[in-house]
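Asks: One structure is given below, represented as structure tokens, and several questions about it will come after.
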Amino acid sequence: SDLNRVTVGESSTATETDTNVSNSSLTAELPFEIRYPEDNRSAQARKDYKQAVMRASPETLIIDYNSKGENSVKNNLLFYTQYPTAFYKTLCQTYPNNNKRGISRGRQISVLGEKDTDSVMLTFNVYHNGTIMVQGSESSLDQFALCFHTLKQQTEAEKQEPEPATLQSAPSHTEPNSAPSSL
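Read in order, the letters of the sequence shown are residues -17 to 165 in our numbering.
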């Protein structure tokens, strides 16, 4: 069956027994994965765990993989922010060759190719709850990951007050000790 997995850094991995990954190890702005605890088998438990990890490490890029057997494919990149509108504005400015539309519980930006404007290079789903999902080919996702730090710096000028929908706590059935205490 298909399983999503989220792992920390290129060479390190956070598990339920190794949850004290220091923030200094994330200063390189490399995306990281999360290793789900063994007892998080249901899709909802995995989703809640991922949401708790993202909220514990705001504006930190997370790689989401789709696994089938021995093969893993980078599905998308995710991060959480209390400032989704600021990121939305910055993404629109950074990628001016785009199509924008509304989606359920958020907004979507499709970044078009410079030469082939019918080709979508990246898609950003900016949700009202503060989750931002970046979708595209592995090479497009890798390129985005390289410029993520700069994008965060550009977004600082757009930030106002945290948006109310982002301040809602994680789902109530997600226990604080089911997610890493610090990343």
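For every residue, glycine included, the Cβ atom is placed at its ideal position computed from N, Cα and C.
Alpha carbon to alpha carbon, what distance is there between Asn53 and Glu143?
Replies: Distance between the alpha carbons of Glu143 and Asn53 is about 42 Å.
Asks: Does the beta-carbon of Ala139 have 16 or more other beta-carbons within 10 angstroms, so that it is buried, or is it exposed?
Replies: Ala139 is exposed by the Cβ-count criterion.
Asks: Give the straight-line distance between the Cα atoms of Leu94 and Met115, rounded to the nearest whole angstrom.
Replies: The alpha-carbon atoms of Leu94 and Met115 are separated by roughly 17 Å.
Asks: Pull the bridge partners of Asp46 from the DSSP assignment, please.
Replies: Answer is Asn58.
Asks: Across which residues does DSSP place Val35 in a beta bridge pair?
Replies: DSSP lists no partner for Val35.
Asks: Taking 8 Å as the cut-off, decide whether the C-beta atoms of Tyr109 and Arg83 are in contact.
Replies: Cβ distance not < 8 Å, so Tyr109 and Arg83 don't count as in contact.
Asks: Confirm, please, whether the CB-CB distance from Glu41 to Phe14 is below 8 Å.
Replies: No, Cβ-Cβ distance for Phe14 and Glu41 is not below 8 Å.
Asks: Using the Cα positions of Ala34 and Asn107, report the straight-line distance between them to the nearest angstrom.
Replies: In a straight line, the C-alpha of Ala34 is about 19 Å away from that of Asn107.
Asks: Is the beta carbon of Asn79 sitting closer than 8 Å to the one on Thr99?
Replies: Yes. Within cutoff.
Asks: In the DSSP assignment, the alpha helix (DSSP H) including Thr132 goes from what residue to what residue?
Replies: Per DSSP, Thr132 belongs to the alpha helix (DSSP H) from 120 to 138.
Asks: To the nearest angstrom, how far is it from the Cα of Leu(-15) to the Cα of Asn48?
Replies: Any reading at Leu(-15) must be qualified, since the residue scores a pLDDT of 34, below 50, and its modelled position is unreliable; the value itself is stated next. Distance between the alpha carbons of Leu(-15) and Asn48: 6 Å.
Asks: Taking 8 Å as the threshold (C-beta atoms), are Leu43 and Phe130 in contact?
Replies: For Phe130 and Leu43, yes; Cβs fall inside 8 Å.
Asks: Let me make sure I understand the geometry here. Which of Ile85, Pro19, Ala38, Thr76 has the alpha-carbon closest to that of Leu133?
Replies: Minimum Cα distance to Leu133 is reached at Thr76.
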